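**Q** If you count the sequence shown from 1, position 89 lands on 145 in the numbering used here, and the numbers rise without skipping.
Ideal placement from N, C-alpha and C gives every residue a C-beta, glycine not left out.
Keep in mind the model is a prediction, meaning the values are calculated, not measured.
I have a structure I would like to understand better, so I am pasting it below and will then ask my questions one at a time.
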Amino acid sequence: MIRRYGNSPRSGQRYQHRPGAYAILPSAGRLLLTYQGDPHFEYQLPGGGIDPGESPLQALHREVFEETGWRIAAPRKIGAFRRFVYMPEYGIHAEKLCHIYLARPIRPHGPPREEGHEAVWLDARTAVNSVANEGDAAFLAALIT
């Protein structure tokens, strides 16, 4: 069974299944995160939705690059969790299935390509306390303890 974090699904609300791939990217005691502005204004693990016909690893590489400008190497899946959320940028209620990977950030290739995102390095403990959702925080905390 996959653990759920955050809000319980609301009775009578339809949720669109939305699988995604997200990366924990450590280097020298710090973690590479993305800060997403409007409409969220929050720190997040870099990553996002898996497009039709795309593998989770393809999505992971694409999303990390779009949101941080960095290329990554040696991704290894460490787990998954579910969240039930409203996604204002898409106007949908979603059941997100978040596949979490541990990978190495290799090098930046410029600023993030996705509008409203900023690549941010935070020390590991600050990152755990700064990410916006409980699932991300739980996976980060498990790695640094």
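What's the gap between the Cα of His-155 and the Cα of Phe-195?
**A** For the purposes of this step, residue 155 is taken as residue 99 along the sequence shown, with counting starting at 1. For the purposes of this step, residue 195 is taken as residue 139 along the sequence shown, with counting starting at 1. Answer to the nearest angstrom: the Cα atoms are 11 Å apart.
**Q** Let's test the definition: count the other Cβ atoms within 10 Å of the Cβ of Tyr-146 and tell me whether it reaches 16, buried, or not, exposed.
**A** As a working note, residue 146 is residue 90 in the sequence shown. Tyr-146 should be labelled exposed.
**Q** How far does the beta strand (DSSP E) with Gln-100 in it reach, from first residue to last?
**A** Taking the sequence shown and counting its residues from 1, the one referred to as residue 100 is at position 44. Start and end: 98-100.
**Q** Taking 7 Å as the threshold (C-beta atoms), are Ile-162 and Ser-180 in contact?
**A** As a working note, residue 180 is residue 124 in the sequence shown. As a working note, residue 162 is residue 106 in the sequence shown. Contrary to the premise, residue 180 reads as Ala rather than Ser in this sequence. Going by C-beta atoms, Ala-180 is not nearer than 7 Å to Ile-162.
**Q** Is DSSP giving Gly-103 helix, strand or coil here?
**A** Looking up residue 103 in the sequence shown gives position 47. Correct three-state label for Gly-103: strand.
**Q** Tell me, please, which residues DSSP counts as bridged to Met-57.
**A** As a first step, residue 57 is located in the sequence shown; it is residue number 1 there, counting from the start. BP columns for Met-57 are empty, so no partner.
**Q** How big is the Cα-Cα spacing for Val-184 and His-96?
**A** Translated into positions along the sequence shown, residue 184 becomes position 128. Translated into positions along the sequence shown, residue 96 becomes position 40. Approximately 18 Å between the Cα atoms of the pair.
**Q** Taking DSSP as the reference, what is the three-state secondary structure of Asp-192?
**A** In the sequence shown, counting from the first residue as 1, residue 192 sits at position 136. If DSSP states are grouped into helix, strand and coil, Asp-192 belongs with the helices.
**Q** DSSP three-state label for Leu-153, please.
**A** On the sequence shown, residue 153 is found 97 positions in, with the first residue counted as 1. Of the three classes helix, strand and coil, the one that applies to Leu-153 here is strand, per DSSP.
**Q** With Val-176 as the anchor, note down where its alpha helix (DSSP H) starts and where it stops.
**A** Counting from 1 along the sequence shown, the entry for residue 176 is found at position 120. That residue, Val-176, is in no alpha helix (DSSP H); its beta strand (DSSP E) goes 173-179.
**Q** Do you know how far the Cα of Gly-103 is from the Cα of Ala-115?
**A** The count along the sequence shown starts at 1 and reaches residue 115 at position 59. The count along the sequence shown starts at 1 and reaches residue 103 at position 47. Distance between the alpha carbons of Ala-115 and Gly-103 is about 8 Å.
**Q** Alpha helix (DSSP H) containing Thr-46: first to last residue?
**A** Residue 46 lies beyond the residue range present for the chain, which begins at 57 and ends at 201; the question has no answer from this structure.
**Q** For Gly-135, write down the residues that DSSP places opposite it in a beta bridge.
**A** Numbered from 1 along the sequence shown, position 79 holds the residue referred to as residue 135. BP columns for Gly-135 point to Ile-156.
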